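*Asks:* One structure, as structure tokens, below. Some questions next.
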């Protein structure tokens, strides 16, 4: 089989090293083949690029700042820049992808959008762009997550989307994704499926990575403005499925002097049985249509992961990341629930920024990484912490004196 | 001639293939269910391996798989249960499962064990044509197993020919764009069935998805060499402790 020559570019069949491909039943073939045949042509079209750029600027609020976090930098004795994806419309990087895919769906002549969501961030970002374009939107969400994430369910409904509970399996993100894929099988003509991460059958991992790559495109010129060099020492991002990481790493992947650091959710600890650290615990497998590392039993049943952050609570990882891990190009670390909480409170106090729990995992990795005074480190602050306030309140209640002291 | 080829040589019309889930309704019911299916008129058995994430299946088969997994079913246990099944069952048997389970068991080991116990073929709906051609097809052939691809109303004529050319045993014609157990109308697909009939395919064709009773079985058989019943039979087993009489009752309704 042909192999990849670039870390960011899959083969024609969608392979990054041995990971990727399109492991889908025949019922999905026509829709996936249509996307494979047309996504690059559409994304490279001048009119498309113009519309996409205009929406990113005027609707999403890009470019997002690259902010030198001085007090955090002083604490760690290095130069830490935060890429402020938390300032995007809807509160996270997810909207970079949904804006792109809704424009793509329009060009494919699709009249209806389906999506999966875990914590609800991608569901809200999808419902948002569907409202913007006046397109019908159906979001599949695990029954358990619907109970846990009531404010985001309300947001989606206010934006006009229908939220359908996924009642199969473990009733969380994995099963919501299964239900969305089944819904696509059952509606093969008028429906486009907006996947929220760099997972799924080819071309989704590449397509979503390209839409998110605006993050690292901006990082390069912004860092150059601030430091005179486009290349940082390291880029650090959290990884569940891996969309913000894919976007943050993208334009640095083939710059081999730049350290690529991915931080997974260790939950209660990598070996605790309650973890979502896929590269540590997963094995070669297939999930949601692509070959990657998958957390599973010896019998090949996909297991339910655990993380305090719903956005990292996924038993797989995008095939690009599996290849970064497998090839050694990326460094893969993990942060526990507690590490992430501490990092969130630290950032709030030192910089006046309340991060999402997902992004807090990337921040927590600073404790495990050694950087010098002249190094420049970029952390992708993928989302803001409003949605996690209930968790933060609980944490303050539990460790009240420590936090307020 | 493989056991499946012999079946179609002997019975070119009205072949009844019934799907059952291994380890459902009880862990040890796998072989008794297959025996009952053979005794009461099934010509071919599609034995499903329960999986946590069965993308091509609707709610009924999903639930049977979840039950079977909860009952303790695994791939290793299945091959154990099937060790002596050829002493009592002579109809062809194809294993249906998802690629991840097979990969985890070891692809070559899976094929070897399947062939050793007397399984005739495989249906792995999420093993794509490209990977079959470049990585896995040779192993399947080496162990003498048939491999059955699916086609749907959305599959182009050129692709149908290619999938037929790569399949052995039979070709699985999915009746509509749906997951298993759908209630889409069979007659809406008549033009597609007629197209398949007129293409001069090398393999016999069995129509599946949405076949649930005598009427739909007969309707499908008018366009193909036979048909596959899955969800309706799984429903018929639901809550039944006597799988033999439940199977007899269900199949006598279909074949009356």
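Protein chains in written order, with our numbering: chain X, 3 to 407; chain Z, 13 to 268.
The beta-carbon is built from N, C-alpha and C at its ideal position, and this holds for glycine as well.
For clarity, every value in this text was computed on a predicted model and none was experimentally measured.
When DSSP labels each residue in this structure, what does residue 335 of chain X get in the three-state scheme?
*Replies:* In the structure shown, residue 335 of chain X sits in a strand (DSSP, three-state: E or B).
*Asks:* In the structure shown, what three-state DSSP assignment does residue 155 of chain Z receive?
*Replies:* In the structure shown, residue 155 of chain Z sits in coil (DSSP, three-state: anything other than H, G, I, E or B).
*Asks:* Let me know the secondary structure DSSP gives residue 379 of chain X once reduced to three states.
*Replies:* If DSSP states are grouped into helix, strand and coil, residue 379 of chain X belongs with the strands.
*Asks:* How many angstroms separate the CA atom of residue 94 of chain Z from the CA atom of residue 255 of chain Z?
*Replies:* Rounded to the nearest angstrom, the two C-alpha atoms are 18 Å apart.
*Asks:* List in chain order: all unbroken beta strand (DSSP E) runs of 3+ residues lying wholly within the region 109-149 of chain X.
*Replies:* 114-119, 138-144, all fully within the region 109-149 of chain X.
*Asks:* Find the residues of chain Z that neighbour residue 27 of chain X, judging by a C-beta separation of less than 8 Å, and give them in chain order.
*Replies:* Those within 8 Å of residue 27 of chain X in chain Z are 67, 68, 137, 138, 162.
*Asks:* When you compare only the Cα positions, how much space is there between residue 270 of chain X and residue 190 of chain X?
*Replies:* Using only the alpha carbons, I get a separation of about 41 Å.
*Asks:* Between X:25, X:119, X:134, which has its C-alpha nearest residue 147 of chain X's C-alpha?
*Replies:* With distances taken between Cα atoms, residue 147 of chain X lies closest to X:119.
*Asks:* Between residue 168 of chain X and chain Z, is the shortest Cβ-Cβ distance under 8 Å, so that the two count as touching?
*Replies:* Chain Z, which has no Cβ nearer than 8 Å to the Cβ of residue 168 of chain X, makes this no.
*Asks:* When you compare the CB positions of residue 307 of chain X and residue 322 of chain X, do they come within less than 8 Å of one another, or not?
*Replies:* Their beta carbons are not under 8 Å apart, which means residue 307 of chain X does not touch residue 322 of chain X by this criterion.
*Asks:* So which residues on chain A does residue 115 of chain Z lean against when the C-beta distance must stay under 8 Å?
*Replies:* Included in the structure are the protein chains X and Z, with no chain A among them.
*Asks:* Which residues, in order along the region 176-196 of chain Z, keep a beta-carbon less than 8 Å from a beta-carbon of chain X?
*Replies:* For the region 176-196 of chain Z, which is checked against every Cβ of chain X, the residues closer than 8 Å are 186, 189, 190, 191, 194.
*Asks:* Just the chain X side, please: which residues come within less than 7 Å of residue 86 of chain Z by C-beta, in chain order?
*Replies:* In chain order: 301.
*Asks:* Where do the ends of the alpha helix (DSSP H) carrying residue 363 of chain X lie?
*Replies:* Counting along the chain, the alpha helix (DSSP H) containing residue 363 of chain X begins and ends at 359-366.
*Asks:* Between the C-alpha atoms of residue 39 of chain X and residue 142 of chain Z, what's the straight-line distance to the nearest angstrom?
*Replies:* In a straight line, the C-alpha of residue 39 of chain X is about 16 Å away from that of residue 142 of chain Z.
*Asks:* Sorted by chain position, which residues of the same chain lie with C-beta nearer than 8 Å to residue 24 of chain Z's C-beta, five sequence neighbours on each side aside?
*Replies:* Correct list, in chain order: 216, 237.
*Asks:* Near residue 194 of chain X, which residues of its chain fall below 8 Å by C-beta distance, leaving aside the five closest residues on each side in sequence?
*Replies:* Once the five neighbours on either side are set aside, the close Cβ partners of residue 194 of chain X are 103, 106, 107, 110, 112, 114, 115, 116.
*Asks:* Who does residue 81 of chain X pair with in a DSSP beta bridge?
*Replies:* Its beta-bridge partners are X:378.
*Asks:* For the region 79-105 of chain Z, which residues have a beta carbon sitting closer than 8 Å to at least one beta carbon of chain X?
*Replies:* From the region 79-105 of chain Z, only 81, 86, 87, 88 have a Cβ closer than 8 Å to chain X.
*Asks:* With a CB to CB cut of under 6 Å and the five nearest residues on each side skipped, what residues in its chain are close to residue 155 of chain X?
*Replies:* Excluding positions up to five away in sequence, the list reads 148, 165.
*Asks:* In the DSSP assignment, what residue or residues form a beta bridge with residue 261 of chain X?
*Replies:* For residue 261 of chain X, which the question treats as bridged, DSSP gives the partners X:236.
*Asks:* Could you give the distance in angstroms between the alpha-carbon of residue 66 of chain X and the alpha-carbon of residue 223 of chain X?
*Replies:* The alpha-carbon atoms of residue 66 of chain X and residue 223 of chain X are separated by roughly 12 Å.
*Asks:* With distances taken Cα to Cα, identify the nearest neighbour of residue 305 of chain X among X:363, X:93, X:274, X:172.
*Replies:* Ranking the options by Cα distance to residue 305 of chain X, first place goes to X:172.
*Asks:* Whose C-alpha, out of X:303, X:383, X:200, is nearest the C-alpha of residue 324 of chain X?
*Replies:* Taking only the C-alpha atoms, the option nearest residue 324 of chain X is X:200.
*Asks:* Any idea what DSSP makes of residue 47 of chain X, helix, strand or coil?
*Replies:* Residue state, collapsed to three classes: coil.
*Asks:* On the premise that residue 70 of chain X lies in contact with residue 65 of chain Z, defined as a C-beta separation below 8 Å, what is that separation, rounded to the nearest angstrom?
*Replies:* Actually they do not touch by this definition, with Cβ atoms about 44 Å apart.
*Asks:* Anything in chain X within Cβ reach of residue 111 of chain Z, meaning under 7 Å, just list it in chain order.
*Replies:* What residue 111 of chain Z touches in chain X: 25, 288.
*Asks:* For the ligand ZN, is there any heavy atom lying closer than 7 Å to the beta carbon of residue 73 of chain Z?
*Replies:* Ligands displayed in this structure: none; no statement on the ligand ZN is therefore possible.
*Asks:* So, for residue 404 of chain X: in the same chain, excluding its five sequence neighbours on each side, which residues have a beta-carbon less than 7 Å away from its beta-carbon?
*Replies:* Note that residue 404 of chain X has pLDDT 45, beneath the 50 cutoff, so the model's placement of it is unreliable and the number below is only indicative. The answer is none, since no qualifying residue turns up.
*Asks:* Which of helix, strand or coil does DSSP assign to residue 206 of chain X?
*Replies:* DSSP places residue 206 of chain X in helix when its eight states are reduced to three.
*Asks:* Would residue 74 of chain Z count as contacting chain X if we go by Cβ distances under 8 Å?
*Replies:* Cβ-Cβ to chain X under 8 Å: yes for residue 74 of chain Z.
*Asks:* Looking at residue 2 of chain X: is its Cβ nearer than 8 Å to the Cβ of residue 206 of chain X?
*Replies:* There is no way to answer for residue 2 of chain X, as the model of chain X reaches only from 3 to 407.
*Asks:* Would you identify the three-state DSSP class for residue 76 of chain Z, choosing helix, strand or coil?
*Replies:* DSSP places residue 76 of chain Z in helix when its eight states are reduced to three.
*Asks:* Measuring only between beta-carbons, confirm whether residue 64 of chain Z sits less than 8 Å from chain X.
*Replies:* Output row for residue 64 of chain Z: interface = yes.
*Asks:* Would you be able to state if there are at least three C-beta pairs under 8 Å between the region 354-369 of chain X and the region 79-90 of chain X?
*Replies:* Result yes; three or more Cβ-Cβ pairs closer than 8 Å.
*Asks:* Would you report the Cα separation of residue 157 of chain Z and residue 232 of chain Z, rounded to the nearest angstrom?
*Replies:* Residue 157 of chain Z and residue 232 of chain Z: Cα-Cα distance of roughly 26 Å.
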